[in-house]
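K.L.:
So the sequence shown is numbered by the numbering used here: it starts at 1358 and just counts up by one.
C-beta: ideal position from N, C-alpha, C; glycine also.
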Amino acid sequence: MQTNKIITATIALIIGLSFCAQGQEREQLTVPVSDPSKEIKLNVNLISGSIKVMGYDGKDVVIDAIAPVSEKKQTRERTDGMKKISTNDGFEIVAREQNNNINVSTDRVNMKINLSIKVPRRSSLKLKTINDGDIYVESVSGNHEISNINGEIKMKNVAGSVVANTINEDIIINFTDITPNTPMAFTTLNGNVDVTFPANVKANVKLKSDMGEVLTDFDIDVDKTAAKIKQTADKEKGLYKIQKDEWTYGKINGGGPEIMMKTMHGNVLIRKVK
1358 MQTNKIITAT
1368 IALIIGLSFC
1378 AQGQEREQLT
1388 VPVSDPSKEI
1398 KLNVNLISGS
1408 IKVMGYDGKD
1418 VVIDAIAPVS
1428 EKKQTRERTD
1438 GMKKISTNDG
1448 FEIVAREQNN
1458 NINVSTDRVN
1468 MKINLSIKVP
1478 RRSSLKLKTI
1488 NDGDIYVESV
1498 SGNHEISNIN
1508 GEIKMKNVAG
1518 SVVANTINED
1528 IIINFTDITP
1538 NTPMAFTTLN
1548 GNVDVTFPAN
1558 VKANVKLKSD
1568 MGEVLTDFDI
1578 DVDKTAAKIK
1588 QTADKEKGLY
1598 KIQKDEWTYG
1608 KINGGGPEIM
1618 MKTMHGNVLI
1628 RKVK
């Protein structure tokens, strides 16, 4: 029979005492997994706040949730002369575990909540945040999907595969090993894409920077054929379009699965582990 464990932390924010002490409230959840011998799959989705995930030698998932405490209550005038008092009276973190799949969520989408999570080293991550926070991952092995809109993505000593995208910050990733025959993609709009791979990586690379440079210390066999020209037509509207493909294509160590790296305002750096 399948089991579905739901672990909830409801945190009452004591405004006066907590603010005077540290200005933030912290709560910890420990989430046992169904089968510690198998890989963990962690899914975290925030609107506002940072996500930090660290691999460790334990078998549980340990979540520290940190939220700021309001210094004072807010009042708002109503048309009938009454005043509405708004207080930062708490938040709830919920972790749902089923068959080693853990989903972490919060009920306060407008509150900035920073999560610091310890996971067994063999864990696949799906992490997403939008505002007011970075995503940092260290010492985890798995297949990862990382998304951040207005913050940095930084991953250190990770293994497996990664698909990472952000809009307004850098992507910096250091691999110790990669999953064979698995394509990867790294994209940002305003920032650098800086990825370090093992020296023996085999890949077909697809690289592009609109307003920066493409840099590498790999010996890449670059495709020097003429840029591809793509023509499209909409006969009903009488529109015809010619588009030049400005990507740089190449092979590392004879080629392999595709690795795509793209930015508009920044540099693309594809590095080799020293």
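From Ile1503 to Val1520, what distance separates their C-alpha atoms?
P.N.:
6 Å
K.L.:
Given a cut-off of 8 Å, decide if Leu1386 and Ile1450 are closer than it, judged by their beta-carbon atoms.
P.N.:
A contact, by the Cβ cut-off of 8 Å.
K.L.:
Go to Gly1412, then tell me how far its beta strand (DSSP E) extends in each direction, as first and last residue.
P.N.:
Ile1408 to Tyr1413
K.L.:
Around the C-beta of Tyr1493, are 16 or more other C-beta atoms found within 10 angstroms, so that it is buried, or is it exposed?
P.N.:
Taking all protein chains in view, the Cβ of Tyr1493 is crowded by 16 or more other Cβ atoms within 10 Å, so the residue is classified as buried.
K.L.:
Does any heavy atom of the ligand FMN sit closer than 7 Å to the C-beta of Asp1421?
P.N.:
Ligands displayed in this structure: none; no statement on the ligand FMN is therefore possible.
K.L.:
Under 8 Å between the Cβ atoms of Gly1415 and Lys1475?
P.N.:
Going by C-beta atoms, Gly1415 is nearer than 8 Å to Lys1475.
K.L.:
What residue range is occupied by the uninterrupted beta strand (DSSP E) comprising Arg1453?
P.N.:
Phe1448 to Gln1455 is the span of the beta strand (DSSP E), which, as asked, contains Arg1453.
K.L.:
Can you give the Cα-Cα distance for Gly1406 and Lys1485, rounded to whole angstroms?
P.N.:
10 Å
K.L.:
So Met1618 and Leu1564 are in contact, right, with Cβ under 8 Å, and what is the actual spacing, rounded?
P.N.:
5 Å
K.L.:
Less than 8 Å separating the beta-carbons of Glu1615 and Asn1561?
P.N.:
yes
K.L.:
Alpha carbons only, please: which of Ser1473, Asn1457, Phe1543 and Lys1395 is nearest the one belonging to Ile1423?
P.N.:
Minimum Cα distance to Ile1423 is reached at Ser1473.
K.L.:
If we ignore side chains and look at the alpha-carbon of each, how far apart do Asn1557 and Asn1610 end up?
P.N.:
7 Å
K.L.:
Have a look at Ser1496 and Val1466 and give me their C-alpha separation to the nearest angstrom.
P.N.:
C-alpha of Ser1496 to C-alpha of Val1466: approximately 29 Å in a straight line.
K.L.:
Whose CA, out of Asp1574, Phe1532, Glu1570 and Gly1613, lies closest to the CA of Val1625?
P.N.:
Glu1570
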